[in-house]
Structures are given as C-alpha cells and as structure tokens.
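Let me begin by presenting the structure, written as structure tokens, before commenting on it.
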Amino acid sequence: MSYTAHVDTFAAENLPPRSLWPELIFDLPELHYPQRLNCATELLDRAIERGWGDRFAIRSPRGDLTYRQLLELSNRIARVLVEDLSLIPGNRVLLRGANSPMMAACWFAVMKAGAIAVATMPLLRAKELTDIVTKAQVSHALCDSALAEELEIARTRCDSLSMILHFHDEAGLESRLRDKPADFRNVDTAAEDTALIAFTSGTTGLPKGTMHFHRDVMAICDSFPRSILKPVAGDVYLGTPPLAFTFGLGGLLLFPMRFGSSTVLIEKLTPEELLRAVQHHRASIVFTAPTFYRMMAPLAAGFDLSSLEKCVSAGEALPVSTRQLWKEATGIDIIDGIGATEMLHIFISAAGADIRPGATGRPIPGYRARVCDADGNTVQPGTVGMLAVQGPTGCRYLADERQTRYVRSGWNFTGDAYLMDEDGYYFFQARADDMIISAGYNISGPEVEDALMTHPAVAECAVIGVADEERGSIVKAFVVPRKDRAPDAALARELQDWVKGRLAPYKYPRAVEFVPTLPRTETGKLQRFKLRKGV
Ligand code: 3UK
91 MSYTAHVDTF AAENLPPRSL WPELIFDLPE LHYPQRLNCA TELLDRAIER
141 GWGDRFAIRS PRGDLTYRQL LELSNRIARV LVEDLSLIPG NRVLLRGANS
191 PMMAACWFAV MKAGAIAVAT MPLLRAKELT DIVTKAQVSH ALCDSALAEE
241 LEIARTRCDS LSMILHFHDE AGLESRLRDK PADFRNVDTA AEDTALIAFT
291 SGTTGLPKGT MHFHRDVMAI CDSFPRSILK PVAGDVYLGT PPLAFTFGLG
341 GLLLFPMRFG SSTVLIEKLT PEELLRAVQH HRASIVFTAP TFYRMMAPLA
391 AGFDLSSLEK CVSAGEALPV STRQLWKEAT GIDIIDGIGA TEMLHIFISA
441 AGADIRPGAT GRPIPGYRAR VCDADGNTVQ PGTVGMLAVQ GPTGCRYLAD
491 ERQTRYVRSG WNFTGDAYLM DEDGYYFFQA RADDMIISAG YNISGPEVED
541 ALMTHPAVAE CAVIGVADEE RGSIVKAFVV PRKDRAPDAA LARELQDWVK
591 GRLAPYKYPR AVEFVPTLPR TETGKLQRFK LRKGV
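Residues are numbered in this note's numbering as their position in the sequence shown, beginning at 1, plus a constant of 90.
Put into structure tokens, the structure is as follows:
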C-alpha cells in the first residue's frame, strides 16, 4: 500500500483483509482506471477542462452554482480544512446537512483534500452520531448550522472529534472562505484510497460503515448511468434521497456531474413539492423511492411535467400497481433498480423496452448476479433463493465481524430473496427477514402488499408475520386507507377477499389493521421491524 496518499492510515488499517473482500470484476473497458485517481479531479476539475465552466452544476432555492463556481467554492473549503483546521489526507470528515449546494461543495472539498467523507442523514440524533463518529474516528465535521445541536451533544462524548465548523452561518465556514484563494492542488490519491465511509442503518446492532474508494465513485458513474439511464448533457436531475444516502449521492450529485448536466438540490420535499419542482426547474430525470411515485401519481395531472423523461426508483421493491399508476398519470415507465450501500449504487435494473413489470431487471453491464441455495450453490431458474452479486464495487465493512456474513466465497450477499426467470430477469421476493412462514408455507410479505395495493381503497400497506400458536405465524396487513373509504370491518373483509382472489388463498392476511401512516426511514424504506415490535 506504499502508493497511498493517506498520511493518516486509519482506513487502510481498518479495511477487512483482502481475503475477505468480494471478488471485483472489471470486464468493461470503461471501468479501467489509472492507479492514481482522485474522483474530485475527474468530476469537477475536469468539467472545467471540458469547457463546462459556465454551465449550471447546481440549482437550488439557496442559489445556483456554475461548474466553475462549484469548483472555486470547493477549493476554498478544502483550503479551510487544510490551512485552518490542520486536516491531513486520510482524516475522516463528518458532513451533516440536508441537500444543498454547500453540502455538495463540502463533499468535493473533502475529496480534494484526500480526506474521507462520512456523510450522515439529517435526522440522526446524538446517540447515532456518537456511534458513527466513534466507529470512524472522525476528527473534523462540517455541519449545517440548522443541525448543530445534536452534533454538539455528540461531541461531548467523542474524543476524536476536535474540529466542528458550521456552514450556512456567516460567522462560521462562510467567514473563513472570503480571504481564501480560489485554487487548490488536489491530493494525488490512489484509486484504492478510501474516499467515503457510508453508514447503513440496519435494524439491529451498531451501524455498519461501508468503505468505498475513489475508483468506486467513478465506477458507479460509468455503469448504471451509461447503460441504463443514458443521460445527455442537457439533463436536469431532481429527487429526494439525501446526499448522505449513496442512492442520492450518485443520482443527485455524481451522475449529473459526470455528464455535464445540472442537479437541483432541495432540502426537503413532499410529493407535491417534488412535482412543483419538476415543473419549475423543467427536470428531466427524477430519483426517488416507490412510495413517492405512489403518492405523486394522483397529483400529477395538476402540473406541467412535459420536461420529465426518466424516473428512477430504488430503496425498496417497486409494486406493479405503483408502476401502473405512475404510467397512467405521466406516460413514463419507471426505471426500477436495486442498489445497496455495500455496493455503493444500483447493480440490477432495466429501462425502456427491457422493463418487465414485477421484475427489478437484469444485472447491469459490469455486474453479474446469481440466485443461491443455503449452501451457496446456484439454483435453477424459477427457484427462489438468496441474491449474490459481483462487480467493480463491493462490500468492505469498516472493522466489522459482519463482513463474513455479507461476503462469502467472493460474492456479495445482499440479504434479499430473489428469483431469476428463464430469460435472466430478476424478481424480488422479500428481504430474507421479511419472509413469513405460516403453517409451513413460505409467504413473501411484499407479494401480499402488491396484491393489496391493487385495491382502490388502499393508499399504502405493509405486511408482516405475527406469532400464532396454531400456525407459527399468521399474515397481518397494516393498511392506510384512501381518504374516501371508511376503515371498518366491511373493508377489512373486502381486502381479504381481494387477496384471496389474486393469490393462493393461504397468503391472505388473516389480520387487518387500519393505521393513519406507516413507519418509514428517511430514505423511504418501510420499517417492518417496528410493526413487528408494535412500536
Ligand atoms: C432493498 C430494493 C427491491 C434491498 C440503495 C440504490 O437502498 C439502497 O441501499 P440500502 O443499503 O438498502 C439495500 C437494500 O434495500 N432495495 C433497494 N432497492 C431495491 N429491494 N427492489 C429495489 N429496487 O433489500 C437491498 O438489499 O439502504 C439503492 C442505490 C444506492 C443504495 N444505497
């Protein structure tokens, strides 16, 4: 590792041993990168060399930045980090803020300085921040002044964290930028130097930190967008996932920058606000979660969405009924894609004529996948098993024993039950922990949800197994009814009959509970474990 540019060698020391890494494949010529690579040089400095300096890189309610302005702002922030806060290459820098131009510039500044970005979800509280700061031994933090409080509490519990600077604060980071020159010499990092540590929340245990290299950042830009999204320079990207979630980092920052497009960064969006923003900014590409498409569909007619061309959905399975509702409302067939923090971004997807409703798609060029039995052997097409994937990116947990659970025999096991058909299309079944075993039958919670969601009275729903003396578990549905339907026993019966008419009858929900909302993460994922625990 003598070629590393990291002076602080924490990352290299805490990577899993190479023998526990997944096998990495670089089949495609566009995924061959030089040994020395800094993703900020590639995505930002190069953009100016390509003549994109005067194009808008970022648009936002806080103002717009051209590529040149974004470069200069990032350079100044990098200087503050290095000259004022004694940052050295390899240090971990926590980034805390909702999506904004400043958050994006801070991310690039950290890359330029050869440090490691640890971006955190805006809603995290002191306890969660403490766990992350401690685990990643974070030394510096750049934090939106509006979110300062919880981080200050965390700081009192974290010895490693010595420097916090607030942005969106004239007395904070902004005051230091004024007298900094607008140039900066990027640290000449190695392609395999860690660029970011992305934490995955999970439902149990301490958060896991996934370590990704400068090369990985480029690899996601040169796979999903090139083969599936097929972007053009005039594209305008917009969406909801936070930059702290790698779905958002890729879709709302890295991909647009790779292709000279612009991105709209807005701090918080409701479904209605997202539609209004598409109309206002004439967005052509939207990234969001399935539930957002579902909630936007009935509102879409009230907006001019003529600029919209491509809609990407990830984070959880896209119900067929949601795909249909969105297509009826806008004429657009959603691009579903499964990604994971461990893999950095999407690895199975399909667009255009390749879309098959109900399927996530096929492994995207650069990646390969298979469906395995409990021993890790590939099963026949049409058989449900565990999904395993390989590609140019993969799982490397920061000092974590769970590495050997995710990576086995060189393959990444995402924890998802999948089925591959004869044509090589991959059909999501359930998270392994969301499979319900009732009276000896294997029932996929999401499959029952899909069936329920085709009923016109169902706005949203979640299906789990609850303990039952006789059957082991029974299927229980939590249903958010549409406003115009009374949540009563008659509706519950109607829904049960609806499922019986569409799926094998043993899958119908024996219990139905009506609720006003469902518990979801900041990234739009259903928290079925909360329903199981009854919290
Ligand atoms: C589930 C899906 C069915 C699946 C992510 C795109 O979601 C992302 O990362 P996370 O680490 O969660 C990973 C898990 O989420 N999942 C995601 N997408 C789909 N299930 N269909 C889908 N389309 O269980 C997976 O193992 O939060 C998504 C890009 C980057 C990401 N980090």
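Don't be surprised by glycine CBs; every beta carbon is placed ideally from N, CA and C.
All values derive from a computational prediction rather than experimental measurement.
Cβ-Cβ separation, residue j to residue i (assumed contact under 8 Å), whole Å
i	j	result
I425	S403	7 Å
C196	H304	The Cβ separation is near 17 Å, so there is no contact.
D144	R158	7 Å
V461	G475	4 Å
P471	M510	5 Å
P361	P212	Their Cβ separation, rounded to whole angstroms, is 19 Å, which puts P361 and P212 out of contact at 8 Å.
R152	A272	Between A272 and R152 the Cβ distance is about 20 Å, and since that is not below 8 Å, they are no contact.
L118	P455	6 Å
Y487	P106	6 Å
L355	S164	That pair is no contact at about 14 Å.
G180	A101	6 Å
L219	A244	4 Å
E432	T300	5 Å
L177	A205	6 Å
Cβ-based burial, residue i [other Cβ within 10 Å; buried from 16]
i	result
M91	Model confidence at M91 stands at a pLDDT of 48, short of 50, so the residue's coordinates are unreliable; what they give is reported in the following sentence. The residue in question, M91, is exposed, as its Cβ has fewer than 16 Cβ neighbours within 10 Å.
G338	buried
E239	exposed
N189	buried
I310	buried
N532	exposed
R348	buried
A323	exposed
S109	exposed
T473	exposed
Y123	buried
A280	buried
T99	exposed
A194	buried
D490	buried
T336	buried
Y93	exposed
D312	buried
For residue i, the first and last residue of its enclosing beta strand (DSSP E)
i	result
G299	298 to 303
V208	206 to 210
V461	458 to 462
F437	436 to 439
E603	601 to 604
V424	For the record, residue 424 in the displayed sequence is Ile; it is not Val. No beta strand (DSSP E) holds I424; DSSP gives it neither H nor E.
Residues that DSSP places opposite residue i in a beta bridge
i	result
G451	Y516
F116	According to DSSP, F116 bridges with nothing at all.
S563	A557
N532	I527
C233	R186, H256
C551	V569
G350	According to DSSP, G350 bridges with nothing at all.
V376	L328, C401
I287	M301
L155	I148
A478	R460, F503
Y487	T300
M510	Y516
A280	R126
V497	N502
Span of the alpha helix (DSSP H), counted from its first residue to its last, around residue i
i	result
C196	191 to 202
G338	336 to 339
R622	618 to 623
T412	410 to 420
D221	216 to 226
F100	100 to 104
P361	361 to 371
K590	579 to 590
Chain D contact for residue i (CB, 8 Å cutoff)
i	result
D578	Among the chains in the structure shown there is no chain D, since it carries only a single protein chain.
Pairs of beta-carbons, one from the stretch 310 to 329 and one from the stretch 493 to 503, closer than 8 Å: are there three or more? no
Does the stretch 569 to 582 come into contact with the stretch 548 to 561, if we say contact requires no fewer than three beta-carbon pairs (one atom in each stretch) closer than 8 Å? yes
Contact the stretch 403 to 417 vs the stretch 534 to 546: 3+ CB pairs below 8 Å: yes
Report yes or no: do the stretch 514 to 523 and the stretch 552 to 563 share at least 3 C-beta pairs separated by less than 8 Å? no
Stretch-stretch touch, CB-based, cutoff 8 Å, three pairs: the stretch 260 to 275 with the stretch 285 to 299: no
Are at least three pairs of beta-carbons, each pair with one atom in the stretch 173 to 191 and one in the stretch 201 to 221, less than 8 Å apart? yes
At a cut of 8 Å, does the stretch 575 to 584 reach the stretch 610 to 619 through at least three beta carbon pairs? no
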